[in-house]
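Numbering (this note's numbering), first residue to last: 115 to 330.
Note that the Cβ used here is the ideal one computed from N, Cα and C, for glycine as well.
Nothing here was measured: the structure is a model prediction, and the numbers come from that model.
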């Protein structure tokens, strides 16, 4: 089993966590697999997915011997945190500060991304022991907000979620973000015609955009 340090390192080096929120378990599996083929290294299966625990278990087993980090999102209570970790999740994500989730994740050494918006919430999240701070909803704030917040709080490893596209990747990283939470651009790329190859292509575009942004 990979260590928490190895999983966190994978997320930081890849610079992206793919958020998968679909209508069916099979669709979630297909999106995840197509995205991994495109270079995605961290997956967040939200609890709003049909049979999310089953999807997490399937993916955790499939990628057990790889460096792909399988995680669970929208964790709102301790019971759910326990359930997904037993299913194999090694990344737990919440939209808000959830001390119980952090406690369980830290106890069993899972990576945590905990939601916050204001400077007070961000600092409270850091103080509570979250590995990364999920800036949510990021599309209403923008990269300049991150840059402003990072001035007094440079220690906060911020991961914006919402409205992130290949076109603004450079701006987010220039503002000081640690990684990016990516959603529909990749996870819904197949929606028009059911072609999951488009998910792979979209993932490749993001991977390239991140590499380019970090190289500049």
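Annotation: the continuous alpha helix (DSSP H) that includes residue 168 extends over 166-176.
Under the three-pair Cβ rule at 8 angstroms, the region 304-318 does not count as touching the region 283-293. DSSP places residue 302 outside both helix and strand once states are collapsed to three, so it counts as coil. Note on geometry: alpha-carbon atoms of residue 139 and residue 231 lie some 30 angstroms from one another.
Residue range 183-187 is occupied by the beta strand (DSSP E) that includes residue 184. Within the region 198-222, complete alpha helix (DSSP H) segments of at least 4 residues are found at 213-221, given in chain order. If you check the CB distance, residue 297 and residue 276 come in under 9 angstroms. In this model, residue 293 and residue 132 are separated by some 11 angstroms (Cα to Cα).
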